[in-house]
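Engineer: Okay, so the sequence shown: first residue is 87 according to the working numbering, each after it adds one.
Cβ coordinates follow ideal geometry from the N, Cα and C atoms, glycine included.
Owing to the predicted nature of the structure, the values given are computational and were not obtained by experimental measurement.
Here's a structure for you.
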Amino acid sequence: MYNITLIKGDGIGPEIAASVLKIIEASGVEVNWDIQTAGADVAETEGVPLPERVLDSVKRNKIALKTPVTTPIGKGFRSVNVQLRKELDLYANLRPCYNLPNVKTRYDDVDIVVVRENTEDLYAGIERQVNPDTAESIKIITRNASERIAKFAFDYAVKNNRKFVTVVTKANICKLSDGLFLDSARKIALEYNIPLKEILIDNCCMQLVQNPNQFDVLLLPNLYGDIVSDLCAGLIGGLGVAQGANIGNDYSVFEPVHGSAPDIAGQDKANPTALLMSAVEMLNYIGEKDKAKKIKNALFKTLESDIKTADLGGKYGTIAFTNAIIERL
Ligand code: ATP
87 MYNITLIKGD GIGPEIAASV LKIIEASGVE VNWDIQTAGA DVAETEGVPL PERVLDSVKR
147 NKIALKTPVT TPIGKGFRSV NVQLRKELDL YANLRPCYNL PNVKTRYDDV DIVVVRENTE
207 DLYAGIERQV NPDTAESIKI ITRNASERIA KFAFDYAVKN NRKFVTVVTK ANICKLSDGL
267 FLDSARKIAL EYNIPLKEIL IDNCCMQLVQ NPNQFDVLLL PNLYGDIVSD LCAGLIGGLG
327 VAQGANIGND YSVFEPVHGS APDIAGQDKA NPTALLMSAV EMLNYIGEKD KAKKIKNALF
387 KTLESDIKTA DLGGKYGTIA FTNAIIERL
């Protein structure tokens with residue numbers, strides 16, 4: 087019996103959580119879910135969107151599965167996702183992107199791993215209104231954070247037999263900040279037998295769209311990592327299938343790349359695949375490799391049977407799609 091925190095957000099969060107919990111239960115993995123809510127509704131009743139009880143739960147259990155939580159745009163509270171990553175020092179955001187069976191995309195054989203720094207950059211949230219017509223935002227890049235994420239990317243590459251790491255910056259413009267990130271990657275690369283390639287973010291986006299198969303592991307500062315993750319999600323079938331994990335030295339939080347998708351919430355339209363694939367990685371992480379494989383096989387068989395949600399061109403709702411996966415376990 088595993089003790090795992092489930093951070094339940096809003097939007098499509100509750101629907102995809104219900105789906106994934108049902109599939110995990112049917113697979114035979116016994117989990118004692120410590121369910122913790124977060125987000126705007128919680129802020130109304132408890133005063134803050136991410137109460138201490140959520141952090142305490144992850145600290146206790148060391149591992150969490152998390153659904154998206156809406157971040158107010160241009161106003162309101164600071165992103166719960168960002169706060170969680172910062173408070174628990176989940177410095178590495180890992181987003182493997184590869185094609186799923188029978189999901190039609192522009193390119194075959196995409197196999198890219200996005201490693202995004204998770205704690206600083208413009209996400210430090212240090213902004214000020216200089217005067218009514220001018221606002222400033224501070225981009226923080228430190229050597230410590232840059233070196234540890236570079237080390238994470240190279241360690242991942244070694245463990246997973248990846249061939250090279252590409253560091254992505256705009257060091258020709260942000261000479262000091264991105265320059266430091268690049269310099270840190272170059273320094274760490276010297277400790278490994280894996281080559282480091284360098285590319286500027288604008289060119290990287292074009293190359294990804296024209297020929298994604300030329301990339302292996304991508305190493306990026308926080309903001310570019312966020313944007314490139316969505317781009318890579320688009321290469322493999324969209325946000326509905328893009329998995330992710332936030333990893334630190336002490337805790338790990340597994341969550342999909344996508345946000346709370348309020349436009350489709352409560353309509354039985356959400357694709358639970360991204361959360362399910364994140365959960366599969368979580369099961370691998372805790373050593374439940376056979377069950378992880380079983381769930382992944384059932385998902386793949388479901389997609390191969392042409393049972394898909396609307397975002398992938400299918401006609402199945404979240405619940406019917408979930409039941410079809412369970413039938414194939
Ligand atoms: P955030 O800024 O919170 O990260 P985002 O920009 O990634 O959010 P999403 O909320 O993820 O935006 O949604 C973008 C679009 O993708 C929405 O129109 C939504 O309908 C679609 N989408 C996202 N996730 C899913 C999913 N699991 N299933 C189906 N469609 C999805």
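Identify which residue in Gly114, Asp354, Val128 and Lys225 has its Cα closest to the Cα of Asn308.
Structural biologist: The residue with the shortest Cα to Cα distance from Asn308 is Lys225.
Engineer: Are the beta-carbon atoms belonging to Glu390 and Val115 less than 7 Å from one another?
Structural biologist: Contact flag unset, no.
Engineer: Along the chain, where does the alpha helix (DSSP H) that runs through Cys39 open and close?
Structural biologist: Because the chain is modelled from 87 through 415, residue 39 falls outside the range shown and cannot be assessed.
Engineer: Does the distance between the C-beta of Ala347 and the nearest non-hydrogen atom of the ligand ATP fall short of 6 Å?
Structural biologist: Ala347: yes, Cβ under 6 Å from the ligand ATP.
Engineer: So Gly99 and Pro154 are supposed to be a Cβ contact under 8 Å. How far apart are they, rounded?
Structural biologist: Between Pro154 and Gly99 the Cβ distance is about 5 Å, and since that is below 8 Å, they are a contact.
Engineer: Extract the residue ranges of the alpha helix (DSSP H) inside the region 279 to 304, only unbroken runs of 4 or more that lie entirely within it.
Structural biologist: Runs of the alpha helix (DSSP H) inside the region 279 to 304: 287 to 296.
Engineer: Run through DSSP, which three-state label would Lys382 get?
Structural biologist: Lys382: helix per DSSP, three-state reduction.
Engineer: With distances taken between CB atoms, is the gap from Pro135 to Val166 smaller than 7 Å?
Structural biologist: Contact: yes.
Engineer: Just to confirm my understanding: we take Lys283, look at its own chain, exclude 5 residues before and 5 after, and list those with CB closer than 8 Å. What are they?
Structural biologist: So the qualifying residues of the chain are Phe250, Val251, Thr252 and Val253.
Engineer: Measuring straight from C-alpha to C-alpha, what distance separates Ile322 and Cys183?
Structural biologist: Distance between the alpha carbons of Ile322 and Cys183 is about 7 Å.
Engineer: In the DSSP assignment, the alpha helix (DSSP H) including Asp142 goes from what residue to what residue?
Structural biologist: Glu138 to Asn147 is the span of the alpha helix (DSSP H), which, as asked, contains Asp142.
Engineer: For Phe192, name the three-state secondary structure that DSSP assigns.
Structural biologist: The sequence as given places Arg at residue 192; Phe does not occur at that position. Coil, per DSSP.
Engineer: For the alpha helix (DSSP H) holding Glu329, just list the boundary residues, first then last.
Structural biologist: First, the residue type needs correcting, since residue 329 is Gln and not Glu in the sequence shown. No alpha helix (DSSP H) holds Gln329; DSSP gives it neither H nor E.
Engineer: Measuring alpha carbon to alpha carbon, tell me which of Thr123, Pro137, Gly334 and Asn147 ends up nearest Met87.
Structural biologist: Minimum Cα distance to Met87 is reached at Asn147.
Engineer: State yes or no: is the C-beta of Gly326 nearer than 6 Å to some heavy atom of the ligand ATP?
Structural biologist: Result yes, Cβ under 6 Å from the ligand ATP.
Engineer: Determine the DSSP secondary structure at Thr404, reduced to helix, strand or coil.
Structural biologist: Residue state, collapsed to three classes: helix.
Engineer: Less than 7 Å separating the beta-carbons of Ala231 and Glu213?
Structural biologist: Against a cut-off of 7 Å, the Cβ pair of Glu213 and Ala231 comes out as no contact.
Engineer: Compare the beta carbon distance of Ala328 and Glu367 with 7 Å and say whether it is the shorter of the two.
Structural biologist: For Ala328 and Glu367, no; Cβs fall outside 7 Å.
Engineer: Could you check whether the Cβ of Ile322 sits closer than 6 Å to any heavy atom belonging to the ligand ATP?
Structural biologist: Ile322 Cβ: outside cutoff for every heavy atom of the ligand ATP.
Engineer: If you count every other CB in all the chains shown that lies within 10 Å of the CB of Asp397, and 16 or more means buried, which is it?
Structural biologist: Looking at its Cβ environment, which holds 16 or more other Cβ atoms inside 10 Å, Asp397 is buried.
Engineer: Under a Cβ-count criterion, where at least 16 other Cβ atoms within 10 Å of its own Cβ denotes burial, should Ile159 be classed as buried or exposed?
Structural biologist: Per the 10 Å Cβ criterion, exposed.
Engineer: Between Ala406, Glu203, Leu174 and Lys237, which lies nearest to Val144 when the distance is taken from Cα to Cα?
Structural biologist: Ranking Ala406, Glu203, Leu174 and Lys237 by Cα distance to Val144 puts Leu174 first.
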